[in-house]
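Each remark here refers to the structure printed beneath this line.
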Amino acid sequence: ADTVRLATTTSTYNSGLLDYLLPKFEEDHPYQIQVIPVGTGKALRLGRDGDVDLVLTHAPAAEKAFVDADYGVEPHGVMYNDFVIVGPSDDPAGLEGGEDATNAFATLADEGATFISRGDDSGTDKKEKHLWEEAGVTPDFKGFRAAGQGMGEVLKMASELQGYTLTDRGTWLAMKDKLDLEIMVEGDTALFNPYQVILVNPERYDGLNTQGARALAEWLISDEGQDLIDAFRLNDKALFHASAGEKIDPTSAVHESD
Amino acid sequence: MHELMNTAREALHLLISLDPALWEIIGVSFRVSLTAILVALPPALLIALLLARVAFPGRWFAISLVNTFMAVPTVVVGLVLFMLLSRSGPLGELRLLFTQRAMIIGQILLAMPVLTAMLHSTLQSIDQRAWETARQLGAGWWQSLWVLIREARFGVIAAVLAAFGRIIAEVGSAVMIGGNIEHFTRTITTAIALETLKGEFAQGLALGLVLLLLALVLNVLLGVMRGRGHQTVSV
Amino acid sequence: MHELMNTAREALHLLISLDPALWEIIGVSFRVSLTAILVALPPALLIALLLARVAFPGRWFAISLVNTFMAVPTVVVGLVLFMLLSRSGPLGELRLLFTQRAMIIGQILLAMPVLTAMLHSTLQSIDQRAWETARQLGAGWWQSLWVLIREARFGVIAAVLAAFGRIIAEVGSAVMIGGNIEHFTRTITTAIALETLKGEFAQGLALGLVLLLLALVLNVLLGVMRGRGHQTVSV
Amino acid sequence: MLEVSQLAHGFDRQPALWEIPHLPWQGLSLVHLRGDNGSGKTTFLRLLAGLETPRQGSIRWTLGGTSVSPPCPGHVLYLHQQPYLFDTSVAGNLRYVARWNGWRGATARDRVAAMLERCGLAAHAQQRARSLSGGERMRLALARAWLLSPRVLLLDEPTASLDRQAIADVSTLISSLHETGCAVVLSAHQPSVLTERCDEYWCLEQRSLQVSVFKQGVAV
Amino acid sequence: MLEVSQLAHGFDRQPALWEIPHLPWQGLSLVHLRGDNGSGKTTFLRLLAGLETPRQGSIRWTLGGTSVSPPCPGHVLYLHQQPYLFDTSVAGNLRYVARWNGWRGATARDRVAAMLERCGLAAHAQQRARSLSGGERMRLALARAWLLSPRVLLLDEPTASLDRQAIADVSTLISSLHETGCAVVLSAHQPSVLTERCDEYWCLEQRSLQVSVFKQGVAV
Ligand SMILES: Nc1ncnc2c1ncn2[C@@H]1O[C@H](COP(=O)(O)OP(=O)(O)OP(=O)(O)O)[C@@H](O)[C@H]1O
Ligand SMILES: Nc1ncnc2c1ncn2[C@@H]1O[C@H](COP(=O)(O)OP(=O)(O)OP(=O)(O)O)[C@@H](O)[C@H]1O
Ligand SMILES: [Mg+2]
Ligand SMILES: [Mg+2]
Chain A
34 ADTVRLATTT STYNSGLLDY LLPKFEEDHP YQIQVIPVGT GKALRLGRDG
84 DVDLVLTHAP AAEKAFVDAD YGVEPHGVMY NDFVIVGPSD DPAGLEGGED
134 ATNAFATLAD EGATFISRGD DSGTDKKEKH LWEEAGVTPD FKGFRAAGQG
184 MGEVLKMASE LQGYTLTDRG TWLAMKDKLD LEIMVEGDTA LFNPYQVILV
234 NPERYDGLNT QGARALAEWL ISDEGQDLID AFRLNDKALF HASAGEKIDP
284 TSAVHESD
Chain B
12 MHELMNTARE ALHLLISLDP ALWEIIGVSF RVSLTAILVA LPPALLIALL
62 LARVAFPGRW FAISLVNTFM AVPTVVVGLV LFMLLSRSGP LGELRLLFTQ
112 RAMIIGQILL AMPVLTAMLH STLQSIDQRA WETARQLGAG WWQSLWVLIR
162 EARFGVIAAV LAAFGRIIAE VGSAVMIGGN IEHFTRTITT AIALETLKGE
212 FAQGLALGLV LLLLALVLNV LLGVMRGRGH QTVSV
Chain C
12 MHELMNTARE ALHLLISLDP ALWEIIGVSF RVSLTAILVA LPPALLIALL
62 LARVAFPGRW FAISLVNTFM AVPTVVVGLV LFMLLSRSGP LGELRLLFTQ
112 RAMIIGQILL AMPVLTAMLH STLQSIDQRA WETARQLGAG WWQSLWVLIR
162 EARFGVIAAV LAAFGRIIAE VGSAVMIGGN IEHFTRTITT AIALETLKGE
212 FAQGLALGLV LLLLALVLNV LLGVMRGRGH QTVSV
Chain D
24 MLEVSQLAHG FDRQPALWEI PHLPWQGLSL VHLRGDNGSG KTTFLRLLAG
74 LETPRQGSIR WTLGGTSVSP PCPGHVLYLH QQPYLFDTSV AGNLRYVARW
124 NGWRGATARD RVAAMLERCG LAAHAQQRAR SLSGGERMRL ALARAWLLSP
174 RVLLLDEPTA SLDRQAIADV STLISSLHET GCAVVLSAHQ PSVLTERCDE
224 YWCLEQRSLQ VSVFKQGVAV
Chain E
24 MLEVSQLAHG FDRQPALWEI PHLPWQGLSL VHLRGDNGSG KTTFLRLLAG
74 LETPRQGSIR WTLGGTSVSP PCPGHVLYLH QQPYLFDTSV AGNLRYVARW
124 NGWRGATARD RVAAMLERCG LAAHAQQRAR SLSGGERMRL ALARAWLLSP
174 RVLLLDEPTA SLDRQAIADV STLISSLHET GCAVVLSAHQ PSVLTERCDE
224 YWCLEQRSLQ VSVFKQGVAV
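Chains as they are written, first to last, in my numbering: chain A, 34 to 291; chain B, 12 to 246; chain C, 12 to 246; chain D, 24 to 243; chain E, 24 to 243.
Now the structure itself:
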C-alpha cells in the first residue's frame, strides 16, 4: 500500500506544521500520508491496536512504556518546543515575569486562583500533574477546574473565565490572537516538551506499512526534515526546534521574547 | 471480543458499586436533559399544533424549516451559543458560559426541532373530529390542546423519547458550552468523550452502558405507564 | 454580533466561490449519510411494521428497547465499532477502520433506532383497514407494505428527515471511525469540529451554515414533492 | 332563534352547493333535514354549528336574548355522523365535559352518574368507549351533549347504522331531550320512528332549501 | 361452497357471541344478514373473509374444486362498513388492484376504464377518492372489488347512509355483480330495494344463526 497512517497529537496538526511538512515529503516519496489528529493517549492506543503505522507524540513517560511493552519500535526524538503558564492580564495571583514554574504553581494554590486544568491525561496534563507534585500541593483548591478537553478548548475556557493554565507554546501561538490572556511564566527547564516519532511494531500486526512509516520517520530526522522543522514559522515565530540525535538540552528552552 | 466482555462487566461493577463520582455525572446529565425537555415541550407543542391545524401562508415552508433545523449539528449550536455567551459576545454579561444553565439552553435548542417535527406529524394524524368535539363541548383552547395530546399520547411519548435520546446522547454542545468541568458540568457523554480521548476505551464504553441502562429503565417505566394499548379499534 | 454577521457573509462566499475543498467534504458528508439512510430504511420499515402490526410476546419491551437505542451516544457507537473494526478487534481483518464504509456502518447504526421508532409510531396510526383492504384485493405482503408506506407518507418522510438530520449532524462516530482524514473521511461536521478546535469559529460556523443551507434545499425539495396535502378529510 | 340570510357555501373553486336567501327558525321544533348524498346536509349542519365559515352570507343565533354568530359552544352542538368518542372510559368521556364546564367534586360525580343512568349506560361506565356497539356509541354521544343542556342539537344521520331497537332507544332519548326544551335538527335518509316524530321538514334540493312545517302530521 | 362447522367466536375473555354448529351454503345466492347492533354481524363476515381467526370450529370455502380455509384473497372479499379508499385518485384506486394482480399496459388500462364506466365513475376518474360522496365511495369500493371477479362478496351495511337514489344505484350494481356469478352476503338493518332482492335471509340471534331461504319472495 502506498498510504501511511500517522496518528499524532492535535498540537502538531493544528499548528499547521504537518500541513507544511508532509507535502514536501510526498513530493519525493511514493507515499501518501493520512494524518489522524487525536490526543496523545489515543494516538498511542491507535498504535497499540495496529490501526496506524506510526505515531508522533509528546509524552516521554507514556512513550517509554509504549516502547518497553514492544508496541512500538525505533523511537526517535524529532523536535521539541516548550510549555508556558498563561493567565489574565490583570494577573490576580501575581505570577507575571516569574521564571520558576514550580513556585508559580505553589502560588496559584495558595491564592486559590482560577486554574483550568486539561485533566485529560494528555502530555500536557502529565506535565501539569508533575508540576503540582513538585510544588507539593494537591490540586483541589477553590479555583481549580479540571476541564477534560483539548488544549485549544482549555485556552478558550481560561480566557472566558479569566483563569490561568499551562499550555504548549505551539497552541498558544496559534491561538493567542483570539484569547484575552498573556504569558506569565516561561523559560523554566521544567517546562520542556519533546516530541518523538515511533513506528508501530511490525511484528505485532500483518499488513502495516512499516516501510512507508520508516521512510517518513527517517525523513523527519534527516537533515532535510530537520531544516524544514526549524524553518517553520507561525505568526513569524519559530515554534519547534529540531532535535534529532541530540541529547535533550533543557537550557535550549525558547523565550518568546527571543 | 474479550475486551468487550470485560467492559460489560466493568460497567455493571461501576453501577452497583454506586461510585459517587459516577452518580454525580449521571445526576448532571439527567438534570440538564430532563430540564431541557420540560422547558422545550410546551412551545414545541404549540408550534406543532399551529403547523398541523392552522392554515397560514408559507406553512409548508415553515415545516420544511423545522425539518431543516433537525440537521443542525450539535457543535454548531454549541458554537453559536458560545459566541453569544462569550465575554466578548452580546450576552457575555450574563456570565452563563460553562454553567449547567448554558447547557440546558443548548439542549433546548437541540430538542426543539425534533420535538416540533415529531409532534407535528403526530397531531397531524389525529382525527379532526377530536378537536371539534372538545371545543363544542365547552373545552377551552388549552383544554382542547390537552385532549388532543391525550388522544395522541403514543406519538407524544415517542416524540419526547426521541428528543430526550437526542439530547442526553449529544456531546458537541454540552462540551462546548458546558466545558466538561469536573463536578460542575461533566455529563455522561462528555465523560465518555474524555475517556475516549485518553484512549481508555473500556471506561468510556462502561459509561455508555450505564447511560443505556438508565435510558432503558426510563423507557420501560414509560412503556408500562402508557399501557399495552396498541390495538387501534377500527370503525 | 458583528462577528456573527461576518461569519454569515463568509459562509455565503464559501458556497458561491465553489471552493473545491469545500465541495469535497460536502460530497463525503452527503454520500455517507444518504447511503446510510438508504441502507437503513428497508430493515427499519420491516421492524417498525412488525412492532406496529404483529402481536408477539414482549412486543412492548421491544418497543422500549428501540426507544432506548435512540439514547445511544454517537461516541459510544463510534467506540464499539472502533473496537470491533480495529486491527486488534474481531473484524480487524476487514480493514474497514478509517474508511467511508466504516462511517456508513456507524451512521446506519445511529439511524436505525430513530427511523424504527418514528416509523413505528406512524405505521401504528394508519387505519388497520388499509392493510386488510390491500391484502384482500390481492396485494402481496410487500405490496401491502408499500401501500401502507404510501398512505403514511407524511410520517415516513418525517422519519427519514429526522434520521437524516441526526446522522448528517453527528460527529462522534464519524470522527472516531472515519478518523477525519483529509480528502478521505473528512465530513462537514468533522471539519467543523476541527475548525472549532483550532479556534477558527468563523470558519466552523460558515461550514455549519453551508450544511444548513444544503439541508434546507433538500427539505424544501421533499416538501414540494409531498405536496401541500395537509388537510385530513374527516369521515 | 336562528336567522340565516343570503347563505351560500361551496368548496375550493367549485360552484356553491346551494344558496339560502332567508331561513328564520324559532328553534323549538324537531326538524328532519333531508337531501341526497352530496347535497350538503353535513356541510349545512357544520355551518350552523360554526365548524365551517360560510363563503357568503350570515348566520345568527339568538340565545337567551343575545344574538351571536356561531360557534356557540355548549349551546349549539353538532354531533358527527360517527361521533368522536375520546379514547378513555365511558364515564371518562362524561367527566371530560364536567371538567371543561367547571363542575367539581360531588356535583360533577352526581351529574355524570345521573346521565349514565338516564341513557342506560350505567352498566358500561368503566368500559372503554371505543369498544361500544353502534347504538351505545350514539347514546353516549347524546349523553355527553345532554350534560350541557344545549339549546340546539344538530345530529348528522344519528340512526344510519342502528338496528330497530337502537333506533327506538335513541329516538326516545332524542324525544326526551327535545321535551326539555332543546331544539333538534337531524339528517336522515331513511324514514324511521324518529323522523315520524319530527314536526318540521327541511329539504336540500335544487341548490336551495325547502322548508315545510307539520302539525300532528299535517302540513300547515 | 361454504362449509362452517362448530364455529364460535368472542373477544378477550368474554363469552362467545354465538355458536354455529353447522352452516352449509351453496354460495350462489344473495343473502341478507340481519342481527341487532352488537350481535356480531361484522365479526361473522370478517371471520368468513379470514380477517379474524375463529376461537373455535372451522370455516372452509370450496372454490373451483379445491377446499381452502380463509383468507382467500381475490375470491372472498369483505368490504368494510366504511370502505377504505386509498389516498389517491379514483382511477388510482383501481390501478392498484390492476398492479397487484399483475395486469399490465393496455389490459390494465382497458379494464380500469371499463369498470369506471360500468360503475358510473368515469367522470370522477381523476378526483381524489377521499373527496367522493357516500354513494360514490361505495360504488368505487364495489368497482374495486368487481375488478377481481370474486366468487363471494361480503358487504357490511353497504346502504347505511345512502340516499334513495344511491341505494338504487348500488343495488343495481350489486345485482349485476350477482348475475355475473358472484355470491353476495350483505348486512343491513333497514329494509330497502336491495334487501328485497335477496333470496336468503340469515339472522344472528339468541347466540346462534337462523337461516331461511326464499324463492320469489316465498319461504321454502
Ligand atoms: N372538505 C371538503 N373539500 C372539498 N369538497 C368537500 C369537502 N367536504 C364536502 N365536500 C363536497 O361537498 C358536497 C357536500 O358534502 P356533504 O358532506 O355536506 O354532503 P351530505 O349531504 O352530508 O352527503 P351524505 O348524505 O353523503 O352525508 C359533496 O359533493 C362533497 O364532495
Ligand atoms: N376488537 C374487539 N374487541 C373487543 N370486543 C369487540 C371487538 N370488536 C367487536 N367487539 C364486540 O363484539 C360484539 C359484536 O360486534 P360486531 O361489530 O360484530 O357487531 P355488529 O353486529 O356488526 O354490530 P353493528 O350492527 O353495530 O355493526 C360487540 O359487543 C362488540 O362490542
Ligand atoms: Mg353527510
Ligand atoms: Mg357491524
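Where a beta carbon is used, it is the ideal one built from N, C-alpha and C, also for glycine. Small disclaimer: the values here were computed from a predicted structure and weren't measured.
P93/D touches chain B at which residues, Cβ-Cβ below 9 Å?
Position 70 of the fourth sequence, counting from 1, holds the residue named residue 93/D. The contacting residues do not exist; P93/D stays about 10 Å from chain B at best.
Once DSSP output is grouped into helix, strand and coil, what is the label at A128/B?
As a position in the second sequence, residue 128/B is number 117, starting the count at 1. A128/B falls in the helix class under three-state DSSP.
Do I179/C and A82/B count as a contact pair if the criterion is CB distance below 8 Å?
The residue you call residue 82/B lines up with position 71 of the second sequence. The residue you call residue 179/C lines up with position 168 of the third sequence. In this structure, I179/C lies closer than 8 Å to A82/B by Cβ.
Does the beta-carbon distance from L174/C to A122/C come in below 8 Å?
The residue you call residue 174/C lines up with position 163 of the third sequence. The residue you call residue 122/C lines up with position 111 of the third sequence. Residue 174/C is actually Ala in this sequence, not Leu. Yes; because the gap between Cβ atoms is below 8 Å, this pair is in contact.
Could you compute how far the alpha carbon of L176/D sits from the alpha carbon of V207/D?
For the purposes of this step, residue 176/D is identified with residue 153 of the fourth sequence, where counting begins at 1. For the purposes of this step, residue 207/D is identified with residue 184 of the fourth sequence, where counting begins at 1. Computed Cα separation, rounded: 5 Å.
Where does A98/A land, buried or exposed, given buried means 16+ other C-beta within 10 angstroms?
As a working note, residue 98/A is residue 65 in the first sequence. That one is exposed.
Residues of the region 112 to 131 of chain C in Cβ contact with chain H at a cutoff of 9 Å, in chain order, please.
Among the chains of the structure shown, chain H does not appear; the protein chains present are A, B, C, D and E.
Determine the DSSP secondary structure at D133/E, reduced to helix, strand or coil.
By 1-based counting over the fifth sequence, the position of residue 133/E is 110. Looking at D133/E - three-state DSSP - the assignment turns out to be helix.
At a threshold of 7 Å, does D35/E count as lining ligand 2 (C-beta to nearest heavy atom)?
Counting from one through the fifth sequence, the residue named residue 35/E turns up at place 12. It does: the Cβ of D35/E is within 7 Å (strictly closer) of some heavy atom of ligand 2.
Would you please verify whether the beta carbon of I199/C is less than 8 Å from any beta carbon of chain A?
Taking the third sequence and counting its residues from 1, the one referred to as residue 199/C is at position 188. Not closer than 8 Å to any Cβ of chain A, the Cβ of I199/C fails to qualify, so no.
If we require 4 or more residues per run, which alpha helix (DSSP H) segments fall completely within the region 70 to 137 of chain A?
Counting only runs of 4 or more, we get 73 to 81 and 93 to 101.
Kindly indicate which three-state DSSP category V287/A falls into: helix, strand or coil?
Sequence index remark: in the first sequence, residue 287/A carries index 254 (1-based). In this prediction, V287/A scores a pLDDT of 39, lower than 50, which makes its location untrustworthy; the coordinate-derived value is nonetheless stated afterwards. Looking at V287/A - three-state DSSP - the assignment turns out to be coil, as it is neither helix nor strand.
Give me the Cα-Cα distance between T18/C and L26/C, rounded to the nearest whole angstrom.
Locating residue 18/C in the third sequence gives position 7, counting from the first residue. Locating residue 26/C in the third sequence gives position 15, counting from the first residue. Rounded to the nearest angstrom, the two C-alpha atoms are 12 Å apart.
Residues in the region 187 to 205 of chain A with C-beta within 7 Å of chain C's C-beta atoms, listed in sequence order?
Here the close residues are K189.
Run down chain C in chain order and give the residues with a C-beta less than 9 Å from the C-beta of P326/B.
The question about residue 326/B has no answer here: the residues shown for chain B are numbered 12 through 246.
By the criterion of Cβ-Cβ separation under 9 Å, what are the contact partners of S99/C in chain A?
By one-based count along the third sequence, residue 99/C stands at place 88. Correct list: R81, D82, G83, D84, R237 and Y238.
Residues in the same chain with beta-carbon distance under 7 Å from L36/B, minus the five sequence neighbours each way, listed in chain order, please.
Position 25 of the second sequence, counted from the start, is the residue given in the question as residue 36/B. The displayed chain sequence assigns Ile, not Leu, to residue 36/B. R197, T198, I199 and A202, listed in sequence order.
Which whole-angstrom value describes the C-beta separation of L148/B and R167/D, a residue pair presumed to lie in contact below a C-beta threshold of 8 Å?
Residue numbering aside, residue 148/B sits at position 137 when the second sequence is read from its first letter. Residue numbering aside, residue 167/D sits at position 144 when the fourth sequence is read from its first letter. L148/B to R167/D, Cβ: 7 Å. Contact.
Just mark M190/A as buried or exposed, buried being the case when its beta carbon has 16 or more other beta carbons within 10 Å.
The count along the first sequence starts at 1 and reaches residue 190/A at position 157. The residue in question, M190/A, is buried, as its Cβ has 16 or more Cβ neighbours within 10 Å.
Please tell me whether V158/C has its Cβ less than 8 Å away from any Cβ of chain E.
Working through the third sequence from its first residue, we reach residue 158/C at position 147. Answer yes: the Cβ-Cβ gap between V158/C and chain E drops below 8 Å somewhere.
Is T65/E near ligand 4, with its Cβ less than 7 Å from a heavy atom?
As a position in the fifth sequence, residue 65/E is number 42, starting the count at 1. T65/E Cβ: within cutoff of ligand 4.
Can you grab the Cα-Cα spacing for the pair D133/D / Q150/D, in whole Å?
For this step, residue 133/D is matched to residue 110 along the fourth sequence. For this step, residue 150/D is matched to residue 127 along the fourth sequence. When rounded, the distance between both Cα atoms is 19 Å.
Give the straight-line distance between the Cα atoms of W71/B and F109/D, rounded to the nearest whole angstrom.
Within the second sequence, residue 71/B is the residue found at index 60, counting from 1. Within the fourth sequence, residue 109/D is the residue found at index 86, counting from 1. Going from the Cα of W71/B to the Cα of F109/D covers about 29 Å.
Is the region 39 to 46 of chain A touching the region 62 to 76 of chain A, taking contact as three or more C-beta pairs under 8 Å?
Output reads yes: the region 62 to 76 of chain A touches the region 39 to 46 of chain A.
What residue range does the alpha helix (DSSP H) around G185/A cover?
Sequence index remark: in the first sequence, residue 185/A carries index 152 (1-based). G185/A -> alpha helix (DSSP H) spans M184 to L194.
In the region 164 to 228 of chain E, which residue ranges form an unbroken alpha helix (DSSP H) of at least 4 residues, counting only runs that do not cross its ends?
Runs of the alpha helix (DSSP H) inside the region 164 to 228 of chain E: 187 to 202 and 216 to 219.
Would you kindly report the start and end of the unbroken beta strand (DSSP E) that includes P47/D?
By one-based count along the fourth sequence, residue 47/D stands at place 24. W41 to W48 is the span of the beta strand (DSSP E), which, as asked, contains P47/D.
Counting contacts by CB-CB distance shorter than 8 Å, is N17/C in contact with chain B?
Mapped onto the third sequence, residue 17/C falls at position 6. Taking Cβ atoms only, chain B never reaches closer than 8 Å to N17/C, which makes this a no.
Determine whether the Cβ of E162/C lies closer than 8 Å to any Cβ atom of chain E.
The count along the third sequence starts at 1 and reaches residue 162/C at position 151. Taking Cβ atoms only, chain E reaches closer than 8 Å to E162/C, which makes this a yes.
From the DSSP output, read off the bridge partner residues of L56/D.
In the fourth sequence, the residue the question calls residue 56/D occupies position 33. In the DSSP output, where bridge partners are listed per residue, L56/D has S210/D and W225/D.
By DSSP, does Q242/C sit in helix, in strand, or in coil?
Counting from one through the third sequence, the residue named residue 242/C turns up at place 231. Note that Q242/C scores 38 on pLDDT, short of 50, meaning its location in the model is unreliable and no value can be drawn from it.
What does G210/C reach in chain A if we use C-beta pairs closer than 7 Å?
Counting from 1 along the third sequence, the entry for residue 210/C is found at position 199. Residues of chain A passing the Cβ test: G185, K189, M208 and K211.
Suppose you measure from the CA of L178/D to the CA of C142/D; what does that come to, to the nearest Å?
The residue labelled residue 178/D in the question sits at position 155 within the fourth sequence. The residue labelled residue 142/D in the question sits at position 119 within the fourth sequence. Going from the Cα of L178/D to the Cα of C142/D covers about 17 Å.
When you compare only the Cα positions, how much space is there between Q73/C and K159/A?
Counting from 1 along the third sequence, the entry for residue 73/C is found at position 62. Counting from 1 along the first sequence, the entry for residue 159/A is found at position 126. Per the sequence shown, the amino acid found at residue 73/C is Ala instead of Gln. Taking the straight line from one Cα to the other gives about 46 Å.
Please state whether DSSP places A179/A in a helix, a strand or coil.
Start at 1 with the first residue of the first sequence, and residue 179/A comes out as number 146. Residue state, collapsed to three classes: strand.
Pick from T218/D, V99/D, L200/D and E228/D: whose alpha carbon is nearest that of T144/B?
Position 133 of the second sequence, counted from the start, is the residue given in the question as residue 144/B. Here the closest residue by C-alpha is V99/D.
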